[in-house]
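A.B. asks:
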Amino acid sequence: MSLLRIPLDLAVIWVVHITLTPPWTTSKGKQAPKGEAGFEVSLMPIAVKLWAYIVGLCEISVILASSYPYAPFAKNILALLVHRPVDSARELQLYPLSIFAYAVTFLGGYVRSSCYHALGPLFTFEVGIQNNHKLITTGPYSFVRHPSYTSGSMALLGALLCHTTRGSWAIECSGIFTSWWNGYMITGCWAFALVVASLVIGPRLDKEDSMLREHFGAEWDQYARRVPRKLIPGIY
Numbered sequence: 001m002s003l004l005r006i007p008l009d010l011a012v013i014w015v016v017h018i019t020l021t022p023p024w025t026t027s028k029g030k031q032a033p034k035g036e037a038g039f040e041v042s043l044m045p046i047a048v049k050l051w052a053y054i055v056g057l058c059e060i061s062v063i064l065a066s067s068y069p070y071a072p073f074a075k076n077i078l079a080l081l082v083h084r085p086v087d088s089a090r091e092l093q094l095y096p097l098s099i100f101a102y103a104v105t106f107l108g109g110y111v112r113s114s115c116y117h118a119l120g121p122l123f124t125f126e127v128g129i130q131n132n133h134k135l136i137t138t139g140p141y142s143f144v145r146h147p148s149y150t151s152g153s154m155a156l157l158g159a160l161l162c163h164t165t166r167g168s169w170a171i172e173c174s175g176i177f178t179s180w181w182n183g184y185m186i187t188g189c190w191a192f193a194l195v196v197a198s199l200v201i202g203p204r205l206d207k208e209d210s211m212l213r214e215h216f217g218a219e220w221d222q223y224a225r226r227v228p229r230k231l232i233p234g235i236y
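1 is the number of the first residue of the sequence shown in full-length UniProt numbering; add one for each residue after it.
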């Protein structure tokens, strides 16, 4: 068992939280398209954050209870959260893939925070133009036009990978992935996440580009020529 997973899991919870929490309140001068605040702005962040809190805290609780079995409530925690042989808690370790997952999550969180700082109060979860809106072309926005989507996807998919790979509580102890169709369940989780991400991100990218082009005109055209990629430098 690796106690090092505890601070890493806490960090993942924090990254998911900041990734899905608006850094600023919506400005009064905001011109948001009607109906834009859909599930991707209101319901989805709450659901994903709740998932991250629950799964992360379950894993931390099992690691602590297994490391200190004579502590108060340790047996109760293990009885509640370990639905495989108790020794399976020893499998909560760091493996190469889990280390990679943590790294992707933290890199995504760092870039996402950089986007918050670069845009300042201009960064909101709703698509729209604010009064005195400025075209930000520095920081992460000097590499791609929509780095917050790239970094947000990295953070969230990295967090999902942290908890769906060998060494995690969900895989080793939860009892969810114990039958022959484990692989199908994991694949389904990933497929669902990717489909939702593509359905949410694609239309928003086009809408943001269209609104910025209309508002800034030639200034945006020059920026788009200088930074032609939307999400991944040199690729897309």
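For glycine and all other residues, C-beta sits at the position ideal for the given N, C-alpha and C.
With DSSP run on the structure shown, which of helix, strand or coil describes residue 136?
C.D. replies: Working through the sequence shown from its first residue, we reach residue 136 at position 136. Three-state DSSP puts residue 136 in coil, outside helix and strand.
A.B. asks: Inspect the beta-carbon positions of residue 63 and residue 5 and report whether they are closer than 8 Å.
C.D. replies: Residue 63 sits at position 63 when you count from the first residue of the sequence shown. Residue 5 sits at position 5 when you count from the first residue of the sequence shown. Taking 8 Å as the Cβ cut-off, residue 63 and residue 5 qualify as a contacting pair.
A.B. asks: With a threshold of 8 Å, are at least 3 pairs of Cβ atoms found where one atom belongs to the segment 64-72 and the other to the segment 115-123?
C.D. replies: Counting Cβ pairs under 8 Å, fewer than three are found: no touch.
A.B. asks: Taking buried to mean at least 16 other C-beta atoms within 10 Å of its own C-beta, is residue 9 buried or exposed?
C.D. replies: Here residue 9 refers to the residue found at position 9 when the sequence shown is read from its first residue. By the 10 Å Cβ count, residue 9 comes out buried.
A.B. asks: Can you give, in chain order, each stretch of the beta strand (DSSP E) that sits fully within the segment 104-182 and has at least 3 residues?
C.D. replies: Complete beta strand (DSSP E) runs here, min 3: none at all.
A.B. asks: List the endpoints of the continuous alpha helix (DSSP H) containing residue 17.
C.D. replies: Locating residue 17 in the sequence shown gives position 17, counting from the first residue. 5-19 is the extent of the alpha helix (DSSP H) around residue 17.
A.B. asks: Which same chain residues end up closer than 7 Å to residue 233 when comparing Cβ atoms and leaving out the 5 residues on each side of it in sequence?
C.D. replies: Taking the sequence shown and counting its residues from 1, the one referred to as residue 233 is at position 233. Result list for residue 233: 143, 144, in chain order.
A.B. asks: For residue 222, report the span of its alpha helix (DSSP H) as first-last.
C.D. replies: As a working note, residue 222 is residue 222 in the sequence shown. Run containing residue 222: 218-226, per the alpha helix (DSSP H) assignment.
A.B. asks: Is residue 175 near residue 98, with beta carbons less than 8 Å apart?
C.D. replies: Translated into positions along the sequence shown, residue 175 becomes position 175. Translated into positions along the sequence shown, residue 98 becomes position 98. Contact flag unset, no.
A.B. asks: Does DSSP classify residue 213 as helix, strand or coil?
C.D. replies: Taking the first residue of the sequence shown as 1, we reach residue 213 at position 213. In this structure, residue 213 counts as helix in the three-state DSSP scheme.
A.B. asks: Please determine, among 3, 15, 20, the residue with the shortest C-alpha to C-alpha distance to residue 125.
C.D. replies: On the sequence shown, residue 125 is found 125 positions in, with the first residue counted as 1. When each option's Cα is compared against that of residue 125, the closest is 20.
A.B. asks: Which residue wins for smallest C-alpha separation from residue 227, given the options 88, 51, 141?
C.D. replies: Along the sequence shown, read from residue 1 onward, the residue named residue 227 stands at position 227. Nearest C-alpha to residue 227: 141.
A.B. asks: Can you list, in chain order, the residues of its chain whose CB lies under 7 Å from that of residue 101, leaving out five sequence neighbours each side?
C.D. replies: Position 101 of the sequence shown, counted from the start, is the residue given in the question as residue 101. Closer than 7 Å at the Cβ level, and outside the excluded window around residue 101, lie 158, 161, 162, 165.
A.B. asks: Quick one: measure Cβ to Cβ for residue 49 and residue 16, integer angstroms, because I've assumed they're closer than 8 Å.
C.D. replies: Here the question's residue 49 lines up with position 49 in the sequence shown. Here the question's residue 16 lines up with position 16 in the sequence shown. Yes, they are in contact, since the Cβ atoms of residue 49 and residue 16 sit about 6 Å apart, within 8 Å.
A.B. asks: Nearest chain C C-beta to residue 153 closer than 8 Å, yes or no?
C.D. replies: In the structure shown, chain C does not exist; there is a single protein chain.
A.B. asks: Would you give the residue range spanned by the alpha helix (DSSP H) that residue 233 belongs to?
C.D. replies: Taking the sequence shown and counting its residues from 1, the one referred to as residue 233 is at position 233. Taken as a continuous stretch (DSSP letters only), residue 233 belongs to no alpha helix (DSSP H), as it is neither H nor E.
A.B. asks: Give the DSSP-derived three-state secondary structure of residue 72 in the structure shown.
C.D. replies: Locating residue 72 in the sequence shown gives position 72, counting from the first residue. Of the three classes helix, strand and coil, the one that applies to residue 72 here is coil, per DSSP.
A.B. asks: Report the residue from 133, 18, 195, 92 whose alpha carbon sits nearest the alpha carbon of residue 211.
C.D. replies: Start at 1 with the first residue of the sequence shown, and residue 211 comes out as number 211. The shortest Cα separation from residue 211 among 133, 18, 195, 92 belongs to 133.
A.B. asks: Is the beta carbon of residue 57 closer than 8 Å to that of residue 65?
C.D. replies: Stepping through the sequence shown from its first residue, residue 65 is reached at position 65. Stepping through the sequence shown from its first residue, residue 57 is reached at position 57. Against a cut-off of 8 Å, the Cβ pair of residue 57 and residue 65 comes out as no contact.
A.B. asks: Tell me the rounded alpha-carbon separation between residue 206 and residue 83.
C.D. replies: If you number the sequence shown from 1, residue 206 lands on position 206. If you number the sequence shown from 1, residue 83 lands on position 83. Whole-angstrom Cα-Cα distance: 46 Å.
A.B. asks: Please work out which residues of its chain come closer than 6 Å, Cβ to Cβ, to residue 216, disregarding the five sequence neighbours upstream and downstream, and give them in chain order.
C.D. replies: Working through the sequence shown from its first residue, we reach residue 216 at position 216. So the list reads 135, once near-sequence residues are dropped.
A.B. asks: In the DSSP assignment, find the unbroken alpha helix (DSSP H) run with residue 45 in it and report its ends.
C.D. replies: The count along the sequence shown starts at 1 and reaches residue 45 at position 45. Its alpha helix (DSSP H) spans residues 43-67.
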